[in-house]
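Chemist:
2 protein chains.
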Amino acid sequence: MRTIGIAMLLCVSLCFAQDSTSNFKPASSNVLDARFPQVDSNSRVQIRFKAPDATKVKINFWSGEKADMQKQPDGFWSFTSKPMAPGLHYYTVVVDGAEVSDPGSTAYFGGSKWASAVEVPEAGADYYLPKDVPHGQVRQIWYHSTVTGTWRDAFVYLPPDYDTSKSRYPVLYLQHGGGEDETGWIRQGKANFILDNLIASGSTKPMIIVMANGYASRAGYVVPDLSGKPFLGPEFIKVMQERMGAFEDDMTQVLIPFVDKTFRTIPDRDHRAMAGLSMGGMETFQVTFNHLDLFSYIGGFSGAGNPFLTGTRFDVKTAYNGAMADPSAFAKRVHLLWIGVGTKEPERMKSGLESLHTALEEGGVKHVFYESPGTDHEWQTWRRDLKDFAPRLFQSTASSR
Amino acid sequence: MRTIGIAMLLCVSLCFAQDSTSNFKPASSNVLDARFPQVDSNSRVQIRFKAPDATKVKINFWSGEKADMQKQPDGFWSFTSKPMAPGLHYYTVVVDGAEVSDPGSTAYFGGSKWASAVEVPEAGADYYLPKDVPHGQVRQIWYHSTVTGTWRDAFVYLPPDYDTSKSRYPVLYLQHGGGEDETGWIRQGKANFILDNLIASGSTKPMIIVMANGYASRAGYVVPDLSGKPFLGPEFIKVMQERMGAFEDDMTQVLIPFVDKTFRTIPDRDHRAMAGLSMGGMETFQVTFNHLDLFSYIGGFSGAGNPFLTGTRFDVKTAYNGAMADPSAFAKRVHLLWIGVGTKEPERMKSGLESLHTALEEGGVKHVFYESPGTDHEWQTWRRDLKDFAPRLFQSTASSR
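Chains as they are written, first to last, in my numbering: chain U, 1 to 401; chain A, 1001 to 1401.
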């Protein structure tokens, strides 16, 4: 074991010589001391990928450039991007038709696999970085679900003073997007550092954040064979509704009681919020509007509701069994309805959120509509969403603190 | 966002038809509902990897078979292994010279990258699986190190009754191997489930486990250019000693005080243990023998000491400044000296541990030597090590509980 141990101990910093010919620097999202990917002061990204015998290697930024990489004499392939928006950009590399991750990158769970991503810093923005402020802890918890019949885990952020105070705290349930999992809001989103910094600034109430896995199937449920069935056809929708329903039941019947039993929460609707990104926003609207007895703060980050499931346009008078039909009563009952979208998101996403915003506005339903300038359907949008959303929570309601 | 969200929500279970022609089943280490890798009742592993345009695809089990995969008409490449030992087996796939991870596998940090691995169940062994017993929590904590000048994180297992009792607990510092990181003992090792089960059985004292990152460099330290210098030559060793020393200082000067301040520990040497695997075993011997005022339980899992650093054979009379020169005094001071190795580990690893065992035995130094039957330099060895090691801790020393 000694040779292996030593090689590892050294290789992480020594196997790569320093590059001093430009201001490209290793990305903060790299593993240990990996030299690539790199980012320069113009937010350009350089990738280097070893594939000595490959015929064709392509770079695939999921919300960005897709291009051929250039073969170098040393067996590596390289690519330099155009200037990119700030934030964490998922990507994969396609090696002779095999879509794979880059060993130089930390692996982030996205696209239903452990994918690569590169962090492009945002000038002047440090709200999601670790700073010299009190830090909360993130806990992984395990619970057995009577809904799914399986052990499930969740991540829980506890505010910095949780262990030293005797206070009880409000809770935000915060969901990842489609193809991601319960690790996303910490690893990609930096939700813990965002909350540490917001709480330290005094703008945001200390709160607990629970991040659950957004996928569930009821015990014994067998997914029917959908081969040959049309995408978004009735059979497809039925399976999706089944799984969304299992998630809703797991959250409301198992997870919330488990959290309220395990942590010092304030276990009432005035002190319980839910938000989610993309698919998590769909889940948020389904769970919260079906359980307004449990939630009074609602956030949809680049995803809100799922009107295609009912096949109808969003109508504030009838949506969610008429919960918003009386806007004044709704505003008293729901302390915050918040939706957000990045201005560079694909048109179908932007228009979906904008039409919801317009419908709410025309219907006189009080809400916040936030647009993240210059960002796509990516994590920088959702970090900004959380930064705008969290300070609005639990301010108007009495606290036991 | 809707199309993406829906596709993700479904694809994880629907994109793969069921395979009913054998008793191969998806591995528990797969992502979400990925169909491959699979394992059968004879502990054979099947891998399927998509690379439609590749010329050559090889499977690379790090402690096992390395072989060409077979191209299938559908653009996938397949491989079926011989029966494998139980446990978690790291592997990569080599696509036309590019060594990459398998998107069907959960990513585990090993070999200084996020690698693939497949879990082969061990018949009759459930000590590392989640069971219907009280579960401890795993917390991620962040601390600023005055040694490295950086923010560092660690994972901390708290026993099931930590939040509901007012007790103080002994602490085990438990280190990963070379090329791994602080996530290894939970994600690969299942240390939390092992402790949950041991504590529930009554055999093991409830304890806190701290899992730190085993790599450190002092603030301002610049790694010298080692190109052209011989592997394990004096320049090489010097860098390694520098980094090991930085790790030792970070642990003893920053992390231990931080842990004792943050958690309800019993902050004395009688209630503090350290163990580690492979490189972590080297670190354990360096840290504990240099700080016997801090530690009284010592474990080396497939790694113990680092005699090549001093260039001398292990001599119980002189090793570690003569700490073991008086075996009787040493046995009173150090409550447990424990070393372990898998019987199928490579010869150089086995012989290293065996010669240490022999030297200790001949020198009359009380210790435990554990051999894990049939397992290699892999996680099943280290899970078994922890299962044997943990119940021996903190039994002979008074507790404040």
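Built from N, CA and C at the ideal position, the CB exists for glycine as well. On a predicted model such as this, the values are computed, not experimentally measured, just so you know.
Consult DSSP for residue 115 of chain U and reduce its assignment to one of helix, strand or coil.
Modeler: Of the three classes helix, strand and coil, the one that applies to residue 115 of chain U here is strand, per DSSP.
Chemist: Residue 1404 of chain A: which of A/1138, A/1186, A/1346 and A/1365 sits nearest, CA to CA?
Modeler: A query on residue 1404 of chain A cannot be resolved here, the shown segment of chain A reaching from 1001 to 1401 and no further.
Chemist: Considering Cα atoms alone, identify which of U/161, U/390, U/347 and U/276 is closest to residue 135 of chain U.
Modeler: Looking at the Cα atoms, U/161 is the closest of the given residues.
Chemist: Which term fits residue 150 of chain U, buried or exposed, when burial requires 16 or more other beta carbons within 10 angstroms of its beta carbon?
Modeler: Answer is exposed; the Cβ neighbour count stays below 16.
Chemist: What residues match up with residue 297 of chain U in a beta bridge as DSSP calls it?
Modeler: In DSSP, residue 297 of chain U forms a bridge with U/273 and U/336.
Chemist: If we ignore side chains and look at the alpha-carbon of each, how far apart do residue 1371 of chain A and residue 1086 of chain A end up?
Modeler: Near 15 Å, if we compare the C-alpha coordinates of residue 1086 of chain A and residue 1371 of chain A.
Chemist: Quick one: residues in its chain with C-beta nearer than 6 Å to the C-beta of residue 324 of chain U, no 5 flanking neighbours on either side, listed in chain order?
Modeler: The answer, listed in chain order, is 316, 330 and 365.
Chemist: Can you list, in chain order, the residues of its chain whose CB lies under 8 Å from that of residue 1242 of chain A, leaving out five sequence neighbours each side?
Modeler: Counting only Cβ-Cβ distances below 8 Å, and skipping sequence neighbours, we find 1217, 1218 and 1221.
Chemist: The stretch 140-151 of chain U: which residues have C-beta closer than 9 Å to a C-beta of chain A, in chain order?
Modeler: Result list: 140, 141, 142, 143, 144 and 151.
Chemist: Report all residues from its chain with a CB closer than 7 Å to the CB of residue 18 of chain U; omit the five preceding and five following residues, and keep chain order.
Modeler: Any reading at residue 18 of chain U must be qualified, since the residue scores a pLDDT of 43, below 50, and its modelled position is unreliable; no value is offered.
Chemist: Note down the Cα distance separating residue 361 of chain U from residue 299 of chain U, rounded to an integer number of angstroms.
Modeler: So the alpha carbons of these two residues sit roughly 16 Å apart.
Chemist: Would residue 1389 of chain A pass as an interface residue toward chain U - the criterion being a Cβ-Cβ separation below 7 Å?
Modeler: Closer than 7 Å: no.
Chemist: Please tell me whether residue 382 of chain U has its Cβ less than 7 Å away from any Cβ of chain A.
Modeler: Chain A, which has no Cβ nearer than 7 Å to the Cβ of residue 382 of chain U, makes this no.
Chemist: Anything in the stretch 1058-1078 of chain A with a Cβ closer than 8 Å to a Cβ of chain U? List those residues in chain order, please.
Modeler: Of all residues in the stretch 1058-1078 of chain A, 1075 have a Cβ within less than 8 Å of some Cβ in chain U.
Chemist: Consider the Cβ of residue 1137 of chain A: report whether some Cβ of chain U lies at a distance smaller than 7 Å.
Modeler: So, interface residue.
Chemist: Counting contacts by CB-CB distance shorter than 7 Å, is residue 32 of chain U in contact with chain A?
Modeler: Yes, contact with chain A.
Chemist: Classify residue 1072 of chain A as helix, strand or coil using the three-state DSSP reduction.
Modeler: If DSSP states are grouped into helix, strand and coil, residue 1072 of chain A belongs with coil.
Chemist: Per DSSP, which one or two residues make a beta bridge with residue 322 of chain U?
Modeler: Residue 322 of chain U is not bridged to any residue.
Chemist: So, does the CB of residue 376 of chain U fall closer than 7 Å to a CB anywhere in chain A?
Modeler: Not one chain A Cβ lies under 7 Å of residue 376 of chain U.
Chemist: Using 8 Å as the threshold, is the stretch 1078-1095 of chain A in touch with the stretch 1112-1129 of chain A, meaning 3 or more CB pairs across them?
Modeler: Segments in contact, yes.
Chemist: Please specify which runs of the beta strand (DSSP E), each continuous and at least 3 residues long, are wholly inside the stretch 1098-1174 of chain A, giving them in chain order.
Modeler: Entirely contained in the stretch 1098-1174 of chain A, the beta strand (DSSP E) runs reaching 3 residues are, in chain order, 1098-1100, 1108-1110, 1113-1120, 1137-1144 and 1151-1158.
Chemist: Identify whether residue 212 of chain U lies in helix, strand or coil by the three-state DSSP scheme.
Modeler: Three-state DSSP puts residue 212 of chain U in a strand.
Chemist: Can you give, in chain order, each stretch of the beta strand (DSSP E) that sits fully within the stretch 1177-1242 of chain A and has at least 3 residues?
Modeler: The stretch 1177-1242 of chain A contains these whole beta strand (DSSP E) runs: 1208-1212.
Chemist: With residue 1350 of chain A as the anchor, note down where its alpha helix (DSSP H) starts and where it stops.
Modeler: Taken as a continuous stretch (DSSP letters only), the alpha helix (DSSP H) holding residue 1350 of chain A covers 1347-1362.
Chemist: Of the residues A/1383, A/1061 and A/1023, which one's Cα is nearest the Cα of residue 1039 of chain A?
Modeler: Nearest C-alpha to residue 1039 of chain A: A/1023.
Chemist: Is the number of C-beta pairs between the stretch 1165-1184 of chain A and the stretch 1266-1284 of chain A that are closer than 8 Å three or more?
Modeler: Flag = yes, the stretch 1165-1184 of chain A and the stretch 1266-1284 of chain A touch.
Chemist: CA-CA distance, residue 1035 of chain A and residue 1080 of chain A?
Modeler: Answer to the nearest angstrom: the Cα atoms are 15 Å apart.
Chemist: Give the interface partners of residue 1314 of chain A over in chain U, defined as CB-CB distance under 9 Å, in chain order.
Modeler: Going along chain U, no residue has its Cβ under 9 Å from residue 1314 of chain A, so there is no contact; the nearest lies around 12 Å.
Chemist: Of all the options U/51, U/368 and U/332, which has the alpha carbon lying nearest to the alpha carbon of residue 357 of chain U?
Modeler: Here the closest residue by C-alpha is U/368.
Chemist: Since residue 1228 of chain A meets chain U, which of its residues come closer than 9 Å, beta carbon to beta carbon?
Modeler: Within chain U, no residue comes near residue 1228 of chain A; the closest Cβ sits about 11 Å away, beyond 9 Å.
Chemist: Going along the chain, which residues of the stretch 1046-1058 of chain A sit with their C-beta nearer than 9 Å to a C-beta in chain U?
Modeler: Within the stretch 1046-1058 of chain A, the residues whose Cβ lies closer than 9 Å to some Cβ of chain U are 1049, 1050, 1051, 1052, 1053, 1054, 1055, 1056 and 1057, listed in chain order.
Chemist: Are the C-beta of residue 29 of chain U and some C-beta of chain A separated by less than 7 Å?
Modeler: Not an interface residue.
Chemist: Alpha carbons only, please: which of U/100, U/105 and U/104 is nearest the one belonging to residue 1103 of chain A?
Modeler: The option with the nearest alpha carbon to residue 1103 of chain A is U/100.
Chemist: Please determine, among A/1112, A/1028, A/1045 and A/1143, the residue with the shortest C-alpha to C-alpha distance to residue 1259 of chain A.
Modeler: Nearest option by C-alpha distance: A/1143.
Chemist: Helix, strand or coil for residue 366 of chain U per DSSP?
Modeler: Three-state DSSP puts residue 366 of chain U in coil, outside helix and strand.
Chemist: Looking at residue 1411 of chain A: is its Cβ nearer than 7 Å to the Cβ of residue 1304 of chain A?
Modeler: One cannot answer for residue 1411 of chain A here, as it falls past the ends of chain A, which runs 1001 to 1401.
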